[in-house]
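J.:
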Amino acid sequence: MKKISFKRYGLMMFIAVILYAVFPAGLGLSAEPLAEKLGIEGGYFVCPTPEGWSRVDNDPDYGDERTYLISFNGPAAEEVPVLIYISYYGDGNDDFDGYEDFVNRNTTDIFDEVIAVAEKAELNGKDALTFEHERKQYLHPGSKDDTWVMVKTKFYVLLGKDRKGFFVLEYSAPSSAYEEYLLIFQGIADTFKIVE
Numbered sequence: 002m003k004k005i006s007f008k009r010y011g012l013m014m015f016i017a018v019i020l021y022a023v024f025p026a027g028l029g030l031s032a033e034p035l036a037e038k039l040g041i042e043g044g045y046f047v048c049p050t051p052e053g054w055s056r057v058d059n060d061p062d063y064g065d066e067r068t069y070l071i072s073f074n075g076p077a078a079e080e081v082p083v084l085i086y087i088s089y090y091g092d093g094n095d096d097f098d099g100y101e102d103f104v105n106r107n108t109t110d111i112f113d114e115v116i117a118v119a120e121k122a123e124l125n126g127k128d129a130l131t132f133e134h135e136r137k138q139y140l141h142p143g144s145k146d147d148t149w150v151m152v153k154t155k156f157y158v159l160l161g162k163d164r165k166g167f168f169v170l171e172y173s174a175p176s177s178a179y180e181e182y183l184l185i186f187q188g189i190a191d192t193f194k195i196v197e
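The opening position of the sequence shown corresponds to residue 2 in our numbering, with each subsequent residue numbered one higher.
1) From the DSSP output, in three-state form, read off residue 34 for me.
2) Residue 70 and residue 55: beta carbons closer than 9 angstroms?
3) Can you give me the C-alpha to C-alpha distance between residue 160 and residue 116, rounded to a whole angstrom?
4) Taking residue 190 as part of the alpha helix (DSSP H), name the residues at either end of that continuous run.
5) From residue 154 to residue 189, what does the alpha carbon distance come to, in whole angstroms?
6) Rounded C-beta distance between residue 108 and residue 91? I'm assuming under 8 angstroms.
7) Taking C-alpha atoms, which residue in 177, 145, 158 lies nearest to residue 166?
8) What does DSSP give as the partner residue(s) for residue 74 in the beta ladder?
9) Alpha carbon to alpha carbon, how far is residue 151 from residue 197?
10) Measuring alpha carbon to alpha carbon, tell me which residue in 45, 39, 38, 94 is nearest residue 162.
11) For residue 50, does the three-state DSSP call read helix, strand or coil?
12) Consult DSSP for residue 196 and reduce its assignment to one of helix, strand or coil.
13) DSSP state of residue 108, grouped into three classes?
14) Can you tell me whether DSSP reads residue 173 as helix, strand or coil?
15) Let me know if residue 72 comes out buried or exposed under the rule of 16 or more other beta-carbons within 10 Å of its beta-carbon.
16) Once you ignore the five residues that flank residue 194 on each side, which residues in its own chain have a CB closer than 8 angstroms to its CB?
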């Protein structure tokens, strides 16, 4: 496999951002950000929607009244859907004791081994943390079929306006299709905006 230098990757990302600014639909995103404000008290935002992807807003089975999740479900690759999630965890939510807890739990495995290292990043003018990891995902859990696929996931974590709650932008795809849809996720992340 040919390695891409950091300089070349940076240049490709710069070109993609410029192309998105001029031709957002060319990257598979709607031309305009969502006009509607999404989220919950303390965690409202707007972002573009990937064209042709289904959208599920705030699944009632997910989290509590201080948690909000929107998912964009893309095409499947190797029987695994490509997914983008945007979550908001308000202060005092039932899942995480702040963004540090989220980062710690998602950068270590069940044996407390480090599987990713969070790095500082900037996302649309806001300070963020970012990290990636790869894991096996079994296609038929609970059956005798032990077929699995490597799934790669990228995260951005940033504080909400009140600096108590936090947002998570997550992209998940089979490793074989990760690069193919990464620019769509990056287009959403680069235009994601926290609003009042």
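Backbone N, C-alpha and C fix where the C-beta goes; we use that ideal spot for every residue, glycine too.
Keep in mind that this is a model prediction, so the values were computed, not measured.
T.: Per the coordinate set shown:
1) Numbered from 1 along the sequence shown, position 33 holds the residue referred to as residue 34. Note that residue 34 scores 48 on pLDDT, short of 50, meaning its location in the model is unreliable; the coordinates nonetheless yield the value given after this. Residue state, collapsed to three classes: coil.
2) As a first step, residue 70 must be located in the sequence shown, where it is residue number 69. As a first step, residue 55 must be located in the sequence shown, where it is residue number 54. Not closer than 9 angstroms, so no.
3) On the sequence shown, position 159 is the one that residue 160 refers to. On the sequence shown, position 115 is the one that residue 116 refers to. If you take the alpha carbons of residue 160 and residue 116, they lie about 23 angstroms apart.
4) Translated into positions along the sequence shown, residue 190 becomes position 189. Its alpha helix (DSSP H) spans residues 179 to 192.
5) Your numbering for residue 154 matches position 153 in the sequence shown. Your numbering for residue 189 matches position 188 in the sequence shown. Between the alpha carbons of residue 154 and residue 189 lies a distance of about 15 angstroms.
6) Within the sequence shown, residue 108 is the residue found at index 107, counting from 1. Within the sequence shown, residue 91 is the residue found at index 90, counting from 1. No, residue 108 and residue 91 are not in contact; Cβ-Cβ is about 22 angstroms, not under 8 angstroms.
7) As a working mapping, residue 166 is identified with position 165 in the sequence shown. Of the listed residues, the one whose Cα sits closest to residue 166 is 158.
8) The sequence position of residue 74 within the sequence shown is 73, counting from 1. Residue 74 pairs with 55, 84.
9) Residue mapping note: residue 151 aligns to position 150 of the sequence shown, counting from 1. Residue mapping note: residue 197 aligns to position 196 of the sequence shown, counting from 1. Rounded to whole angstroms, residue 151 to residue 197 spans 38 angstroms at the Cα level.
10) Your numbering for residue 162 matches position 161 in the sequence shown. That would be 45, whose Cα lies nearest to the Cα of residue 162.
11) Here residue 50 refers to the residue found at position 49 of the sequence shown. Residue state, collapsed to three classes: coil.
12) Against the sequence shown, residue 196 aligns to sequence position 195. Strand.
13) Within the sequence shown, the letter at position 107 stands for residue 108. It is helical.
14) The residue given as residue 173 occupies position 172 in the sequence shown. Looking at residue 173 - three-state DSSP - the assignment turns out to be strand.
15) Within the sequence shown, the letter at position 71 stands for residue 72. Label assigned to residue 72: buried.
16) Numbered from its first residue, the sequence shown carries residue 194 at position 193. Around residue 194: 34, 46, 47, 48, 125.
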